[in-house]
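Asker:
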Amino acid sequence: MELTPWETPAVIDYKKTMEQFGVKPIVDVLGDLKEEHHFFRRNIILGHRDFERIVDAIKNNKEFAVVSGMMPSGKMHFGHKMVVDLLKFYQKYTDNINIPIADLEAYWARNMSFETTKELALNEYITNYIALGLDPEKINVYLQSKYQKVKDLALILSKRTNWSEMKAIYGFKGETNIGHVFAPIVQVADILHPQLDENLSPEPKPVVVPVGIDQDPHIRLTRDIANRAKEFKFIPPSSTYHRFMTGLLGGKMSSSKPETAIFLTDDEKTVKKKIFSAKTGGRETLEEHKKYGGVPEECVVYELFLYHLILDDKELAEIYQKCRSGELTCGKCKKMAYERVVEFLKDLKEKREQAKEIAVKILEGKY
Numbered sequence: 002m003e004l005t006p007w008e009t010p011a012v013i014d015y016k017k018t019m020e021q022f023g024v025k026p027i028v029d030v031l032g033d034l035k036e037e038h039h040f041f042r043r044n045i046i047l048g049h050r051d052f053e054r055i056v057d058a059i060k061n062n063k064e065f066a067v068v069s070g071m072m073p074s075g076k077m078h079f080g081h082k083m084v085v086d087l088l089k090f091y092q093k094y095t096d097n098i099n100i101p102i103a104d105l106e107a108y109w110a111r112n113m114s115f116e117t118t119k120e121l122a123l124n125e126y127i128t129n130y131i132a133l134g135l136d137p138e139k140i141n142v143y144l145q146s147k148y149q150k151v152k153d154l155a156l157i158l159s160k161r162t163n164w165s166e167m168k169a170i171y172g173f174k175g176e177t178n179i180g181h182v183f184a185p186i187v188q189v190a191d192i193l194h195p196q197l198d199e200n201l202s203p204e205p206k207p208v209v210v211p212v213g214i215d216q217d218p219h220i221r222l223t224r225d226i227a228n229r230a231k232e233f234k235f236i237p238p239s240s241t242y243h244r245f246m247t248g249l250l251g252g253k254m255s256s257s258k259p260e261t262a263i264f265l266t267d268d269e270k271t272v273k274k275k276i277f278s279a280k281t282g283g284r285e286t287l288e289e290h291k292k293y294g295g296v297p298e299e300c301v302v303y304e305l306f307l308y309h310l311i312l313d314d315k316e317l318a319e320i321y322q323k324c325r326s327g328e329l330t331c332g333k334c335k336k337m338a339y340e341r342v343v344e345f346l347k348d349l350k351e352k353r354e355q356a357k358e359i360a361v362k363i364l365e366g367k368y
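What follows is the structure, given as structure tokens:
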């Protein structure tokens with residue numbers, strides 16, 4: 002299976018993909034952390050590389066860093082909110098949370114202007130990150146194009162790989178522009194730079210990168226380069242892999258297809274239309290549904306509960322059982338989801354105005 006950060010199939014066999022690329026099941030290393038976040042408990046985060054280091058750091062109050070980049074290519078939706086929920090979990094244990102804005106990658110790989118990516122980063126991402134509860138005191142947000150430390154490190158580390166390796170990992174073709182080829186090296190620098198001081202001198206520490214499985218090529222390349230760059234004494238980064246949320250109509254969720262996602266700026270009318278048009282695990286008729294029950298595993302409305310809307314495990318289990326038994330109909334389930342999403346977005350909208358003022362200061366380097 003070919004998997005790159007720019008081309009992700011609509012359906013992913015996670016077990017097979019993890020086995021193919023050597024990603025380990027996370028359940029064996031969680032220990033007490035499984036009770037700390039519902040993404041772990043509910044098998045939403047299902048794979049890892051060297052996450053034992055982070056578990057040890059959390060349990061023993063040791064220093065570690067987090068890197069979670071954003072590609073500002075469209076409006077922020079509930080699929081993106083997953084990342085913020087994880088960062089909020091990590092900020093309980095570290096104030097070394099790094100959020101690179103991949104404007105160089107957007108320019109090289111998506112042909113987006115720097116002005117557009119900066120505006121999207123400000124209005125859609127950083128503002129929402131803070132409104133969602135991320136502590137601005139514990140994050141290092143930066144534009145790749147403006148952060149000299151990362152750019153300097155990328156130039157140095159580019160010597161640690163070659164065209165053959167980049168072609169093998171990413172499937173680059175002869176017509177791929179050189180900027181696009183170099184973009185992963187900048188991401189390598191994004192991930193490794195927390196282990197260096199401002200003079201690029203070693204300060205080794207564990208680093209975790211929470212990503213979807215499509216980003217694993219970046220992790221593999223980074224770990225290989227970290228091992229080759231002996232002068233920096235890097236600890237190869239750890240990573241966790243979460244499942245993608247399914248699009249509202251089934252298939253992929255995408256910012257470029259508004260009907261597949263609930264955006265964090267959607268109004269009440271739009272939310273209602275999207276949720277009541279969403280794919281469910283219900284039967285074709287009400288009679289069949291009550292007789293045979295629904296299939297919550299195939300329902301994107303239940304997935305909204307699973308990922309975002311219901312944090313109480315007992316309440317979620319009750320909804321699951323009532324769906325399976327046929328007692329809970331799809332109409333009632335959609336109404337419940339709609340009401341919770343509207344309430345959530347109304348609260349978020351109120352927080353966003355103040356959050357934007359902070360976001361502006363962060364991008365201007367004045368916070």
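Per the numbering used here, the sequence shown starts with residue 2, numbered consecutively. Cβ atoms here follow ideal geometry from the backbone N, Cα and C, with glycine treated the same way.
Along the alpha helix (DSSP H) that carries Tyr91, what are the first and last residues, could you check?
Answerer: Counting along the chain, the alpha helix (DSSP H) containing Tyr91 begins and ends at Phe79 to Tyr91.
Asker: Take Phe40 and list the residues in its own chain whose beta-carbon comes closer than 6 angstroms to its own, dropping the five residues that flank it on each side.
Answerer: Correct list, in chain order: Ile46.
Asker: Taking only three categories from DSSP, how would you classify His38?
Answerer: In this structure, His38 counts as coil in the three-state DSSP scheme.
Asker: Which term fits Tyr308, buried or exposed, when burial requires 16 or more other beta carbons within 10 angstroms of its beta carbon?
Answerer: Answer is buried; the Cβ neighbour count reaches 16.
Asker: Which residue's Cα is closest to the Cα of Ile369: Gly75, Leu346, Asp96 and Thr223?
Answerer: In the structure as shown, the chain starts at 2 and stops at 368, and residue 369 therefore has no counterpart that could be examined.
Asker: Use the C-beta contact count for Gly295: other C-beta atoms within 10 angstroms, 16 or more gives buried, fewer gives exposed.
Answerer: Its Cβ being crowded by 16 or more others within 10 Å, Gly295 is buried.
Asker: Our contact map puts Leu342 next to Leu310 with C-beta atoms below 8 angstroms; I'd like the distance itself, whole angstroms only.
Answerer: Checking the sequence, you will find Val at residue 342 rather than Leu. Contact holds; Cβ gap of about 7 angstroms.
Asker: Excluding the 5 residues flanking Arg54 on each side, which residues of the same chain have their C-beta closer than 6 angstroms to its C-beta?
Answerer: Within the same chain, Arg54 has close Cβ partners Pro207 and Ser239.
Asker: With distance defined between alpha-carbon atoms, name the residue in Gly172, Leu197, Thr128 and Glu166 nearest to Glu351.
Answerer: Minimum Cα distance to Glu351 is reached at Thr128.
Asker: Can you tell me whether Phe115 is helix, strand or coil according to DSSP?
Answerer: Residue state, collapsed to three classes: helix.
Asker: Helix or strand or just coil, what does DSSP make of Ala230?
Answerer: Three-state result, Ala230: coil.
Asker: Identify every run of the alpha helix (DSSP H) within the region 242 to 277, keeping only runs that are complete inside it and at least 4 residues long; order them along the chain.
Answerer: Segments of the alpha helix (DSSP H) lying fully in the region 242 to 277: 269 to 277.
Asker: Under 8 angstroms, do Asn99 and Val67 count as touching if we go by C-beta distance?
Answerer: In this structure, Val67 lies closer than 8 angstroms to Asn99 by Cβ.
Asker: Rounded to whole angstroms, what's the CA-CA distance from Pro6 to Glu106? Just pull it up for me.
Answerer: For Pro6 and Glu106, the distance between alpha carbons rounds to 11 angstroms.
Asker: So, is Val24 buried or exposed, given that buried needs 16 or more other C-beta atoms within 10 angstroms?
Answerer: Its Cβ being crowded by 16 or more others within 10 Å, Val24 is buried.
Asker: Does the count of Cβ pairs from the region 322 to 332 and the region 228 to 246 closer than 8 angstroms reach three?
Answerer: As far as the Cβ criterion goes, the region 322 to 332 does not touch the region 228 to 246, which means the pair count is below three.
Asker: How should Ile179 be labelled, buried or exposed, when 16 other C-beta atoms within 10 angstroms of its C-beta is the threshold for buried?
Answerer: Ile179 is exposed by the Cβ-count criterion.
Asker: With C-beta atoms as the reference, is Thr247 less than 8 angstroms away from Glu304?
Answerer: In this structure, Glu304 lies closer than 8 angstroms to Thr247 by Cβ.
Asker: Specify, as a first and last residue, the run of the beta strand (DSSP E) that Leu47 falls within.
Answerer: Per DSSP, Leu47 belongs to the beta strand (DSSP E) from Ile46 to Arg50.
Asker: Rounded to the nearest angstrom, how far is the Cβ of Leu250 from that of Leu349, given a contact under 8 angstroms?
Answerer: About 24 angstroms; that fails the 8 angstroms criterion.
Asker: For the alpha helix (DSSP H) containing Ile98, name the first residue and the last one.
Answerer: Looking at the DSSP string, Ile98 is not in any alpha helix (DSSP H); the run it does join, the beta strand (DSSP E), is Ile98 to Ile102.
Asker: Going residue by residue through the region 127 to 169, where are the continuous alpha helix (DSSP H) segments of at least 4 residues, counting only ones entirely within it?
Answerer: Listed in chain order, the complete alpha helix (DSSP H) runs (minimum 4 residues) inside the region 127 to 169 are 128 to 132 and 149 to 158.
Asker: Would you mind reading off the limits of the alpha helix (DSSP H) that contains Pro185?
Answerer: Start and end: Ile179 to Leu193.
Asker: Use the C-beta contact count for Trp164: other C-beta atoms within 10 angstroms, 16 or more gives buried, fewer gives exposed.
Answerer: It counts as exposed.
Asker: Is the region 253 to 267 close to the region 75 to 94, with three or more CB pairs under 8 angstroms?
Answerer: Counting Cβ pairs under 8 angstroms, three or more are found: they touch.
Asker: Going by other Cβ atoms of all chains shown within 10 Å of its Cβ, with 16 needed for buried, is Tyr293 buried or exposed?
Answerer: Tyr293 is exposed by the Cβ-count criterion.
Asker: Mind reading off the beta-carbon distance from Asp104 to Phe90? Whole number of angstroms is fine, and I expect it under 8 angstroms.
Answerer: Contact flag wrong, Cβ pair sits at about 27 angstroms.
Asker: Look up Leu197 in the DSSP assignment and say whether it is helix, strand or coil.
Answerer: Strand.
Asker: Keeping to the same chain, check which residues put their C-beta closer than 7 angstroms to that of Ala184; ignore five residues upstream and five downstream.
Answerer: Cβ within range, chain order: Leu105, Glu106, Trp109 and Ala110.
Asker: Using the beta-carbon count (16 or more within 10 Å), is Ala190 buried or exposed?
Answerer: Buried, since its Cβ has 16 or more Cβ neighbours within 10 Å.
Asker: Excluding five sequence neighbours on each side, which residues of the same chain lie with their C-beta closer than 8 angstroms to the C-beta of Val151?
Answerer: These residues qualify, in order along the chain: Pro101, Tyr143, Gln145, Val187, Ala190, Asp191 and His194.
Asker: Assuming Leu87 contacts Pro259 under a Cβ cut-off of 8 angstroms, what Cβ separation, rounded to an integer in Å, is found between them?
Answerer: With 8 angstroms as the limit, Leu87 and Pro259 do not qualify as a contact, their Cβ atoms being about 25 angstroms apart.
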